[in-house]
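Numbering (UniProt numbering), first residue to last: 1 to 233.
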Amino acid sequence: MTMHYVVDSDTLSSSCADAPTDISGPVLIVLPTDKPACLACDANGKVFASDLENIVDGDAATAEPHDVRQVFVATRVAGTEQLSLKGHHGRYLSCDKFGVLSATATAISPEETFLAVPVPDNASAFSLQTARDKFVSARDSKAGPELRGDTEHIDFTTTLRIRMQARFKPRLKANKEEKANVKISRKELEDQIGRRLDDAEVKKLRRARAQGNFYETALDMKVKSSHDKYASM
């Protein structure tokens, strides 16, 4: 089964997270292994390193998933900076007290939360810190990469790249809203509504335009204008 990224006119299909606050939605967690690989889980919740096929010259910044098992959905845990990571099968990534990673949990406890910590002097690189203040790591071995969640300090083995759909980046969303606001003037809005607008109404219409529900909002304002007009007669 293949995971398809959504592309629109304003975004590339995917990009690297640059800040912890960027990390949201479907993500691909690229590991620091000799052979390009990413974090993955199977339908039984076994966590493993999955070889990356969609990558250019071994550059983690170009990696794309080719298998749904390679994709986790990152969600901010309410009221915290921690993330939960849900696998394709609807279960959450966990790290137990022994540093063993699995993806069998159906609900979020501290063991299913991770903090994305920027790696010093390494742009767009992160380490995932567990609830026990240890780090997720990937170490190469003859049997294949060994994944653990009990590394004491940030080092090369804990250095991850997080690929995500660009449209989920908060800064991209803000930029798109800003552009939408700039594209339409107060006069154009007033012409469409058929009367003068106050600042709050202009802001409301511009926000609606950015969010894709402009026509419904404009219609509500026109209806309100008609009611107010008849009420004053």
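By construction, the Cβ of each residue, glycine as well, lies at the ideal position given by its N, Cα and C atoms.
What does DSSP give as the partner residue(s) for Gly-25 in the beta ladder? Against the sequence shown, residue 25 aligns to sequence position 25. Partner residues in the beta bridge of Gly-25, as assigned by DSSP, are Ala-74.
Below 8 Å on the Cβ atoms is my contact criterion, and I expect Phe-135 with Thr-158 to pass it. Report the Cβ-Cβ distance as a whole number of Å. Stepping through the sequence shown from its first residue, residue 135 is reached at position 135. Stepping through the sequence shown from its first residue, residue 158 is reached at position 158. About 4 Å separates the two Cβ atoms, so the contact holds.
What residue does the beta strand (DSSP E) around Leu-85 start on, and which one ends it? Stepping through the sequence shown from its first residue, residue 85 is reached at position 85. Note, Leu-85: beta strand (DSSP E), 83 to 86.
Using 8 Å for Cβ pairs, my map puts Val-117 next to Ser-127. What's the rounded Cβ distance? Taking the sequence shown and counting its residues from 1, one reaches residue 117 at position 117. Taking the sequence shown and counting its residues from 1, one reaches residue 127 at position 127. The Cβ separation is near 5 Å, so the contact holds.
Quick check on Tyr-215: buried or exposed, where buried means 16 or more other Cβ atoms within 10 Å of its Cβ? Translated into the one-based positions of the sequence shown, residue 215 becomes position 215. Exposed, since its Cβ has fewer than 16 Cβ neighbours within 10 Å.
From His-153 to Leu-160, what does the alpha carbon distance come to, in whole angstroms? Against the sequence shown, residue 153 aligns to sequence position 153. Against the sequence shown, residue 160 aligns to sequence position 160. Each residue's CA atom was taken as its position, placing His-153 and Leu-160 some 14 Å apart.
Around the Cβ of Leu-147, are there at least 16 other Cβ atoms within 10 angstroms (buried) or fewer (exposed)? For the purposes of this step, residue 147 is taken as residue 147 along the sequence shown, with counting starting at 1. With 16 or more Cβ atoms within 10 Å of its Cβ, Leu-147 is classed as buried.
Residues of its chain near Lys-46, where Cβ-Cβ distance is below 8 Å and the 5 sequence neighbours each way are ignored: The residue you call residue 46 lines up with position 46 of the sequence shown. The beta carbon of Lys-46 lies closer than 8 Å to those of Ser-102 and Ala-103 in the same chain, with the five residues before and after it left out.
Whole angstroms are fine: how far does the CA of Val-71 sit from the CA of residue 237? No answer is possible for residue 237: it lies beyond the span of the chain, which begins at 1 and ends at 233.
Can the beta-carbon of Arg-91 be found less than 8 Å from the beta-carbon of Thr-106? Sequence index remark: in the sequence shown, residue 91 carries index 91 (1-based). Sequence index remark: in the sequence shown, residue 106 carries index 106 (1-based). Cβ atoms of Arg-91 and Thr-106: closer than 8 Å.
Is Gln-192 helix, strand or coil when you go by DSSP? For this step, residue 192 is matched to residue 192 along the sequence shown. Looking at Gln-192 - three-state DSSP - the assignment turns out to be helix.
Kindly list the residues whose CB is nearer than 6 Å to the CB of Met-1, restricted to its own chain and excluding five residues on each side of it in sequence; keep chain order. Taking the first residue of the sequence shown as 1, we reach residue 1 at position 1. Note that Met-1 has pLDDT 39, beneath the 50 cutoff, so the model's placement of it is unreliable and the number below is only indicative. Excluding residues within five positions, the ones whose Cβ falls inside 6 Å are Val-68.
Are three or more beta carbon pairs between the segment 190 to 198 and the segment 56 to 64 nearer than 8 Å? Here the segment 190 to 198 makes no contact with the segment 56 to 64; the two share fewer than three CB pairs at distances below 8 Å.
Could you tell me which residues DSSP puts in a beta bridge with Pro-118? As a first step, residue 118 is located in the sequence shown; it is residue number 118 there, counting from the start. Its beta-bridge partners are Phe-126.
Beta-carbon proximity of Pro-20 to Glu-111, cut-off 8 Å: Mapped onto the sequence shown, residue 20 falls at position 20. Mapped onto the sequence shown, residue 111 falls at position 111. For Pro-20 and Glu-111, no; Cβs fall outside 8 Å.
Spatial neighbours of Asn-122 in its chain, beta-carbon cut-off 7 Å, leaving aside the 5 residues before and after: Counting from one through the sequence shown, the residue named residue 122 turns up at place 122. So the list reads Thr-159, once near-sequence residues are dropped.
Rounded to whole angstroms, what is the Cα-Cα separation between Cys-16 and Val-119? Residue 16 sits at position 16 when you count from the first residue of the sequence shown. Residue 119 sits at position 119 when you count from the first residue of the sequence shown. Cys-16 and Val-119 have their C-alpha atoms roughly 14 Å apart.
Specify, as a first and last residue, the run of the beta strand (DSSP E) that residue 238 falls within. Residue numbering for the chain in the displayed model covers 1 to 233; residue 238 lies beyond these limits and cannot be assessed.
Assigned exposure category for Lys-203 - 16 Cβ within 10 Å defines buried: Your numbering for residue 203 matches position 203 in the sequence shown. Taking a 10 Å sphere around the C-beta of Lys-203, we find fewer than 16 other C-beta atoms and assign the residue as exposed.
How should Asp-22 be labelled, buried or exposed, when 16 other C-beta atoms within 10 angstroms of its C-beta is the threshold for buried? Counting from one through the sequence shown, the residue named residue 22 turns up at place 22. Buried is the call here.
May I have the straight-line CA-CA distance separating Ser-109 from Pro-26, to the nearest angstrom? Locating residue 109 in the sequence shown gives position 109, counting from the first residue. Locating residue 26 in the sequence shown gives position 26, counting from the first residue. Approximately 21 Å, taken between the alpha carbons.
Once DSSP output is grouped into helix, strand and coil, what is the label at Leu-52? Translated into positions along the sequence shown, residue 52 becomes position 52. Coil.
Have a look at Val-100, Lys-97, Leu-93 and Phe-98 and flag the residue whose alpha-carbon is nearest the alpha-carbon of Phe-114. For the purposes of this step, residue 114 is taken as the residue at position 114 of the sequence shown. Checking every option, the nearest Cα to that of Phe-114 belongs to Leu-93.
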